[in-house]
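A.B. asks:
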Amino acid sequence: MKFLIAVGSKEFSEPTLRVGLQVAKAFKAAVTIAYVGPKVSEFSSSQVRFTQERMEEWEFDRPGVEVLEWAFNFLAENNYITPTMVETGFPKNTLVQTSGSRSEVYLQGTVCENVNLILRNGDIIAELRDEVQRGGYDVTIIGGSQKRRMAHDLVQYIDSSIFIVNKYDKNKSYNLLLPVDDSMRSPKAVKFGARVAQAFDIKVNLITVSKTDTFGEGYTQASKRATKLMRRAGINHEHRFETGDPVTVIKKAAGNDHIIVMGASTKNPLFKFFTGSKPIKIMEDCQCPVLIVK
Amino acid sequence: MLGFSQRSLTNFLFWATQKKWFLITMLVGTILILLPTPSGLTIEGYRIIIIVITALMMIITEPIPLPGIAFYIIVMEVVLGIGSPEQISKSFMNDAVFFIMGSLMLAVTIVQQGWDKRIALGIIRLTGNKTKNIIFGFTAISAILSSFIGEHTVAALMLPIVMTLIKYTSEDRNKVQGLSAVLLFAVAYGALIGSIGTPSGGGRNVIIMSYLREYGISISYLGWMAMAYPLVLIMIPIVSRILMTSFTPEYVHLDTGVRKLVVQVAKAPNLSGRDTVAAFIFLLVFLGWVFLSETLGLGTIALSGVLLYLIAGFVNWEDISRNTHWGVIILFGATISLGANIKSSGAALWLANQVIDIFGSIMEMFPFATDAIIVILTTTLANVLSSSATVAVLGPITLNMGPDTLHLGMVTALASAFGFFTAVAAPACTIVYSSGFVRAKDFLKAGWKVGTVSIVLVIIYANTFWSLFF
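Going line by line, the protein sequences match chains A and B.
Per this note's numbering, the first sequence starts with residue 3, numbered consecutively.
Per this note's numbering, the second sequence starts with residue 2, numbered consecutively.
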């Protein structure tokens, strides 16, 4: 598997990187850490690039390199890269421009063979979408954003599962909330959830929500399969059935001490664009990390 | 749905999201074209106004690359019958476009000569190590240099110097936040205020000169300097003072930073024959601008400078070509074509009359009101799109807003430099912003003060100094 972790700054991205790497480790996934710098107005783009080239002659790094260096140090401290790499330090000289504003540096990992660091500039959604298409990533991990449309755009346009590490506190103990239903992507979400629970060694709260008082055959079968999988994997879990509006119920159940893992909506993209979807609403409203499995 | 796969629908939605401002612009354009032509305006005049509105919307939001916007302007001018293909292509190119092209190329050449280290040494020798003197020094030197070589060139030259000084003062960014902001803004704002001083300070000045020529008014390089340079000299200490009060530098003296900077720049090789020739070529360009611009044109002289640098082998064409933004040059050509057609179609006069109709009573009551309207309008637009594009589009309108065309043109040109409010308003601002040491909100923090003072100052200056001496 391949994971893409998007970091924004040293100040705010530490939880994203920590959680992202922990999950990636559980999946033994290849990891790429990407920093997307702000988009520069086209009027000034060539002058800014030219100035940055001059800055390098004065021994200044181009903006964003310090974020990659911080990510390198984090990887080194947490033993995600080989001791040889740690000894030689951040290899900024091998940061190669691959196309346009995209630059890349390769590191040797310990959990998986390759750990890449990538520097890009531009619109975050467009850049991450391009990176996911180029690298064929399975999961994109990113921190929470103040922009309301961000969650929607990530889920709608990025062709991988999306994990938004929203308001994660490493000192807090979390449980995993796993909504289960008869949708097409629910089984994959359950498998994913089990791996995440194992990675964090946390309890799984399975929840099946129906809008009416009755639970159809599909719902009960799905919940039975999920429970069986958890039991076989030796994961501490419990299951409950709830009635009500799924978004409200899941939001209430999650509070701020759960990691939510759920399947992506299979609704038509046009409908999702105009009316949204349950996963998008949960991602926008919940005050905790949410993983939408595609 | 209709045979489209989910992936192709998603791709379409992504395209629509990325291009939403293009789609909105096209919708606005279509609605406007369906509306009846306002009375007193020719059909060509109305159509050119629609092209202006839609082009400005796209320049501000950048939904498509800049050359794409230029092509849109050209295509629409021909398709909507503003002029024949021959007329439109002729209006696309003039000396101002040559000047913008030449000055962008000269910027690449000058920056590559490695004069930044000598400039650093010069500033430090002049100012010593007192922070307030250094801030004044950076503002003044940036202003004086940008008068002759353009604001973006100055920002590119000065940024490494300032960053080095900051780095040597403290490696911890949090301990030099105020100092970083004040020094970087001294460069950006200094470069902006200096760019009004001479015609070669910016493409916008040359555009106004070409518009004035169409009204039979010719202003020489020295004539421009006589009108504008005193304002630069007045503004340098004021801007420096405002910056000092807006951001509090953490250090009163920069002993360590200055000492280390001097050591670093002292490593630069001694002045060579090549350096002297490079400086001499620029001196020739400057003298050409001063004494020959009325016969040869500022643009031709700028290109002569580039030619001399190429002949001397001080720069290679690949570097010039790679670092010159051709898209910007094409777009300026298109906006100049727009400006020419706004005037020839009668749209400029009509728009000027609309402004006079709205503000007529105020303009009669207060003698400075016309200047105030022009300055506020130009400054506002210059902060959301390129200053040259602002002048290219607004110039034909503002020149029709009163009897003293030279006065109105100069006021428009000066106000177009006041891109103090946002990080994207001017290349100098974007360059210092790209350092990552100042935040977008810092531009508003200092910008509103510098901007307001500049607006008031230019109105007073234009109505006192020019009235007395011109």
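Note that beta-carbon positions come from the ideal geometry of N, C-alpha and C, so glycine has one too.
These numbers come from a predicted model, not from an experiment.
Among residues of its own chain, excluding the 5 on either side of Gly-195 of chain A, which ones have a beta-carbon nearer than 7 Å to its beta-carbon?
C.D. replies: These residues qualify, in order along the chain: Leu-178, Leu-180, Val-206 and Val-263.
A.B. asks: Let's see if you can read the secondary structure: which residues bound the beta strand (DSSP E) around Gly-265 of chain A?
C.D. replies: 260-265
A.B. asks: Apart from the five residues just before and just after Ile-1 of chain B, which ones in its own chain have a Cβ nearer than 6 Å to its Cβ?
C.D. replies: Nothing can be reported for residue 1 of chain B: it is not among the residues displayed for chain B, which extend from 2 to 471.
A.B. asks: Tell me whether the beta-carbon of Leu-232 of chain B lies closer than 7 Å to the beta-carbon of Tyr-462 of chain B.
C.D. replies: yes
A.B. asks: For Gly-145 of chain A, I'd like the list of residues in its chain whose CB is within less than 8 Å of its CB, leaving aside the five on either flank, ordered along the chain.
C.D. replies: Ala-8, Val-9, Gly-10, Phe-14, Ser-15, Pro-17, Thr-18, Ile-166, Val-167 and Asn-168
A.B. asks: Give the secondary structure of Leu-65 of chain B by DSSP, where H, G and I count as helix, E and B as strand, and everything else as coil.
C.D. replies: For clarity, residue 65 of chain B is Ile in the given sequence; the question names Leu instead. It is coil, neither helix nor strand.
A.B. asks: Between which two residues does the alpha helix (DSSP H) carrying Leu-352 of chain B extend?
C.D. replies: 348-366
A.B. asks: For Glu-379 of chain A, which residues in chain B fall below 8 Å Cβ to Cβ?
C.D. replies: Look at the range of chain A in this structure, 3 to 296, and you will see that residue 379 of chain A is not part of it.
A.B. asks: Which residues, in order along the stretch 328-347 of chain B, keep a beta-carbon less than 9 Å from a beta-carbon of chain A?
C.D. replies: Here the close residues are Gly-328, Val-329 and Leu-332.
A.B. asks: From B:Leu-304, B:Gly-452, B:Ile-75 and B:Asn-354, pick the residue whose C-alpha is nearest to that of Gly-516 of chain B; which is it?
C.D. replies: As shown, chain B starts at 2 and ends at 471. That puts residue 516 of chain B outside it, with no answer to give.
A.B. asks: Can you grab the Cα-Cα spacing for the pair Tyr-216 of chain B / Thr-199 of chain B, in whole Å?
C.D. replies: 20 Å
A.B. asks: Is the CB-CB distance between Thr-379 of chain B and Thr-413 of chain B below 7 Å?
C.D. replies: yes
A.B. asks: Inspect the CB distances between the stretch 29-48 of chain A and the stretch 431-444 of chain B and report whether three or more fall short of 8 Å.
C.D. replies: yes
A.B. asks: Is Ala-192 of chain B helix, strand or coil when you go by DSSP?
C.D. replies: helix
A.B. asks: Per DSSP, which one or two residues make a beta bridge with Tyr-37 of chain A?
C.D. replies: A:Val-9 and A:Leu-121
A.B. asks: What does the Cβ neighbour count give for Phe-281 of chain B, buried or exposed, with the cut at 16 atoms within 10 Å?
C.D. replies: exposed
A.B. asks: Would you say Tyr-159 of chain A faces chain B, with C-beta separation under 7 Å as the test?
C.D. replies: yes
A.B. asks: Measure the CB-CB distance between Ala-36 of chain A and Glu-106 of chain A and report whether it falls below 7 Å.
C.D. replies: no
A.B. asks: List, in chain order, every chain B residue whose beta-carbon is nearer than 9 Å to that of Arg-56 of chain A.
C.D. replies: Simply Val-112, Gln-113, Asp-117, Ala-157, Leu-158, Leu-160 and Pro-161.
A.B. asks: In chain A, what lies closer than 7 Å to Gly-437 of chain B by C-beta?
C.D. replies: Pro-65
A.B. asks: Tell me which residue opens and which closes the alpha helix (DSSP H) that Asn-134 of chain B is part of.
C.D. replies: 132-150
A.B. asks: Cutting at 8 Å between CB atoms, please list the residues of its own chain near Val-155 of chain B, excluding the five before and the five after it.
C.D. replies: Ser-143, Leu-146, Ser-147, Val-188, Gly-191, Ala-192, Gly-195 and Ala-429
A.B. asks: In angstroms with no decimal places, state the Cα-to-Cα distance between Phe-99 of chain B and Glu-365 of chain B.
C.D. replies: 40 Å
A.B. asks: Taking Asn-177 of chain A as part of the beta strand (DSSP E), name the residues at either end of that continuous run.
C.D. replies: 177-181
A.B. asks: List, in chain order, every chain B residue whose beta-carbon is nearer than 7 Å to that of Ser-147 of chain A.
C.D. replies: Ordered by position in chain B, no residue passes the 7 Å Cβ test against Ser-147 of chain A, which lies about 16 Å from the chain.
A.B. asks: Need the endpoints of the beta strand (DSSP E) that Gly-115 of chain B sits in, please.
C.D. replies: Premise fails: Gly-115 of chain B is in no beta strand (DSSP E) and is neither H nor E.
A.B. asks: Buried or exposed: Lys-268 of chain B, going by 16 or more other Cβ atoms within 10 Å of its Cβ?
C.D. replies: exposed
A.B. asks: Does the count of Cβ pairs from the stretch 67-85 of chain A and the stretch 111-124 of chain A closer than 8 Å reach three?
C.D. replies: Contact check between the stretch 67-85 of chain A and the stretch 111-124 of chain A: three or more CB pairs, one atom from each, fall below 8 Å, which counts as touching.
A.B. asks: Does the CB of Ile-120 of chain B have a neighbour CB from chain A at under 7 Å?
C.D. replies: no
A.B. asks: If I measure Cβ to Cβ from Asp-183 of chain A and keep anything under 7 Å in the same chain, skipping five residues before and after, which residues do I get?
C.D. replies: Thr-210, Tyr-221 and Ala-224
A.B. asks: Could you tell me the distance, in whole angstroms, from the CA atom of Thr-257 of chain B to the CA atom of Ile-125 of chain B?
C.D. replies: 13 Å
A.B. asks: Got a sec? Which residues, its chain only, sit under 6 Å from Ile-167 of chain B by beta carbon, not counting five neighbours each side?
C.D. replies: Val-177 and Ser-181
A.B. asks: Looking only at DSSP bridge pairs, what is Ile-294 of chain A linked to?
C.D. replies: A:Ile-164 and A:Met-264
A.B. asks: Closer than 7 Å, CB to CB, is Thr-53 of chain A near chain B or not?
C.D. replies: yes
A.B. asks: Can you find a CB in chain A that lies within less than 7 Å of the CB of Met-364 of chain B?
C.D. replies: no
A.B. asks: How should Gly-410 of chain B be labelled, buried or exposed, when 16 other C-beta atoms within 10 angstroms of its C-beta is the threshold for buried?
C.D. replies: It is buried - the Cβ of Gly-410 of chain B has at least 16 other Cβ atoms within 10 Å.
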